[in-house]
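Those protein sequence lines, which keep their order, are chains A and B. Offset between the first sequence (1-based) and the working numbering: plus 131. Offset between the second sequence (1-based) and the working numbering: plus 131. All residues carry an ideal CB built from backbone N, CA and C; glycine is no exception. This structure is a prediction, so every number in the text was calculated from the model and none was measured. Worksheet for the structure shown next.
Protein chains: 2
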Amino acid sequence: MKQILIIDDDEKLGKLLVQYLERYDMKVHVALTPSKGFELIKKIKPDLLILDVMLPEKDGFEICREIRAKSSIYGQLPILMLTAHAEVTDRIVGLELGADDYLPKPFEPRELVARIHNILRRSSDDNSVREIKPINGLEVDVSRREVKLDGDVLDLTTMEYELLILFMQFPNKTFTRDELMNRLRGIDAELFSRAVDTLVSRLRHKLKDTSKTPRFIKTVWGRGYTFVGEQI
Amino acid sequence: MKQILIIDDDEKLGKLLVQYLERYDMKVHVALTPSKGFELIKKIKPDLLILDVMLPEKDGFEICREIRAKSSIYGQLPILMLTAHAEVTDRIVGLELGADDYLPKPFEPRELVARIHNILRRSSDDNSVREIKPINGLEVDVSRREVKLDGDVLDLTTMEYELLILFMQFPNKTFTRDELMNRLRGIDAELFSRAVDTLVSRLRHKLKDTSKTPRFIKTVWGRGYTFVGEQI
DNA sequence: AATAAATGAAGCAAATACTTATCATCGACG
DNA sequence: CGTCGATGATAAGTATTTGCTTCATTTATT
């Protein structure tokens with residue numbers, strides 16, 4: 132779940148976004164003042180900062196400048212600026228200061244979600260081009276979203292694919308069903324469901340794996356599952 | 132990483148672009164004067180030249196003319212012109228002199244990125260006699276912009292053609308709708324539309340392809356589309 | 001060996017995602 | 001201006017995925 136921090140003194144807007152973005156698997160935190168904002172940045176380490184230009188204490192531009200100046204502290208925290216009006220000069224100034232995108236108020240929530248996704252995608256494309264080492268005849272090319280088993284391309288669904296790359300990133304780690312669910316679905320996952328079992332079963336099937344003598348996914352009785360890495 | 136050279140005496144703008152375009156995998160070099168500019172062209176061999184019209188020594192039009200005249204030296208170096216104001220006459224003159232595009236100041240950075248992508252895409256399509264390998268009965272002659280399916284010439288629209296050659300350059304790569312949109316239409320592509328699906332559907336139709344048992348374009352559920360290459 | 005607890009997997013239904021026909025819009029061209 | 005083709009938007013129609021239920025099977029425990 133993506134953590135998003137909004138610095139905006141409009142309390143109503145904040146609450147609205149908390150609710151609205153929840154549906155998109157984003158946890159929204161609201162800071163009504165810049166000082167509170169800086170505090171929260173350190174505390175929750177958000178994946179994205181949404182900044183209003185009009186703020187008490189100091190304006191959004193200044194905050195943006197400060198964060199960019201102290202990149203050793205804040206890293207390349209993506210910033211989306213909200214401006215009262217879509218003035219081109221504002222945009223130039225904002226982007227010059229290092230904001231990643233802009234959105235003039237009032238905006239459509241969907242538009243905001245779109246821009247957020249754009250920014251997050253850009254910034255996580257760089258980080259998360261995690262290479263996955265081939266294991267025991269299974270190769271995953273993340274950039275192509277291609278999985279090969281002994282040279283043959285496998286046709287996996289989204290969930291199956293996500294599960295597989297999660298497993299392969301941590302070979303030999305035993306995941307509980309909770310962990311898997313949380314990782315794949317978000318925190319809201321139902322604990323009583325046996326969706327994970329079903330998913331594992333389906334993935335096993337496509338991997339031509341069997342629960343009895345597992346080549347890839349081993350059942351750890353009473354605990355969960357393990358993707359076996361290099362062994363024996 | 133694409134190398135981009137800017138000839139502009141506005142030092143501030145230069146710095147802004149260096150920072151901004153970095154995020155889009157472009158390395159920006161700045162020359163404050165034309166003479167320095169020509170020097171750098173030879174040195175770094177940029178993939179794109181961004182030219183301000185208003186410059187000391189000689190203006191952007193003259194530089195553009197000179198580069199086009201000495202194409203034996205500079206090749207077909209793509210040029211994007213920046214003009215102080217959106218004057219139509221400026222535009223016409225600039226394009227007649229051989230600039231590839233132009234952008235009036237002040238501009239939105241995203242707009243600039245979109246145009247840069249457009250130009251780079253165009254130029255790499257043309258230049259790179261990167262032949263597209265025939266796949267499964269589909270041949271593309273990029274220089275003639277001709278597509279043959281099992282020997283018969285197909286009549287494709289611009290978008291269909293662009294989509295096809297994008298696919299064929301990366302067989303077996305799964306593209307998300309976002310990627311396709313960004314690549315075909317520029318950065319600011321609209322996200323909430325089935326435009327890509329429609330386009331794919333139309334292309335499929337002309338390729339006599341079917342979504343159920345695809346010969347060329349396979350749907351990757353929950354992710355996007357893949358152009359299937361050689362399969363064994 | 002008997003029993004309880006946990007897991008595997010098939011089948012079903014709801015949710016989700018894709019396809020495509022049709023209409024609207026826009027720009028090029030005469 | 002009016003027409004035409006290309007492209008985008010919409011929405012009804014399909015298809016696929018996924019979660020859940022159920023029951024068979026396996027494992028741990030006594």
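### Query
Taking Cβ to Cβ, would you say I210(A) is nearer than 8 Å to A230(A)?
yes
### Message
Does E291(B) pass the burial test, meaning 16 or more other C-beta atoms within 10 Å, or should it be called exposed?
### Response
buried
### Query
So is R346(B) in contact with chain A if we call contact Cβ pairs under 8 Å?
no
#### Entry: Simplified DSSP assignment, three categories, for M212(B)
strand
### Message
Excluding the 5 residues flanking D190(B) on each side, which residues of the same chain have their C-beta closer than 7 Å to its C-beta?
### Response
V184
#### Entry: Supposed contact pair L208(A) and K133(A) - C-beta distance, whole angstroms, cut 8 Å
Going by Cβ atoms, the distance from K133(A) to L208(A) rounds to 13 Å, so no, they are not a contact pair.
#### Entry: 8 Å Cβ shell around V284(A) - same chain, five flanking residues per side excluded
E277, V278
### Task
Mind checking which residues open and close the alpha helix (DSSP H) that includes K143(B)?
142 to 153
### Message
So the candidates are I263(B), R154(B), D286(B); which of them puts its Cα closest to the Cα of R360(B)?
### Response
Residue identity differs from the one stated: residue 360(B) is Gly in this sequence, not Arg. Checking every option, the nearest Cα to that of G360(B) belongs to I263(B).
#### Entry: Alpha carbon of I266(A) to alpha carbon of I204(A), nearest angstrom
37 Å
### Task
May I ask whether a heavy atom of the ligand ADP can be found less than 7 Å away from the beta carbon of A245(B)?
Among the components of this structure there are no ligands whatsoever, and the ligand ADP is therefore not found.
### Contact check, D140(A) vs P177(A), beta carbons under 8 Å
no
### Task
For chain B, find out if any of its Cβ atoms is closer than 8 Å to the Cβ of A245(A); answer yes or no.
yes
### Query
Which residues bound the alpha helix (DSSP H) around A326(B)?
326 to 337
### Task
Would you mind reading off the limits of the beta strand (DSSP E) that contains F169(A)?
Note, F169(A): premise wrong, no beta strand (DSSP E); alpha helix (DSSP H) at 165 to 175.
### Simplified DSSP state of D139(A), which is helix, strand or coil
coil
#### Entry: Residues that K173(B) contacts on chain A, provided the C-beta gap is smaller than 9 Å
Result: empty, since nearest Cβ-Cβ is about 30 Å, beyond 9 Å.
### M299(A), DSSP secondary structure in three states
helix
### Message
Less than 8 Å between CB atoms is the rule here; does R314(B) satisfy it with respect to chain A?
### Response
no
### Task
Give the residues from the region 269 to 293 of chain A that approach chain B closer than 7 Å (Cβ to any Cβ), ordered along the chain.
R275, R276, E277, T288, T289
### Query
Sorted by chain position, which residues of the same chain lie with C-beta nearer than 6 Å to I135(B)'s C-beta, five sequence neighbours on each side aside?
M157, V159, P177, L179
#### Entry: Separation of R308(A) from W352(A), as counted between CA atoms
12 Å
### Cutoff 7 Å; reference Y155(B); Cβ partners in own chain excluding five residues on either side
V244
### Query
At what residues does the alpha helix (DSSP H) containing E270(A) begin and finish?
It is not in any alpha helix (DSSP H) - E270(A) instead sits in the beta strand (DSSP E) that spans 269 to 272.
### Element boundaries [alpha helix (DSSP H), containing E310(A)]
308 to 316
### Message
Assuming M157(B) is part of the beta strand (DSSP E), what are its boundary residues?
### Response
157 to 162
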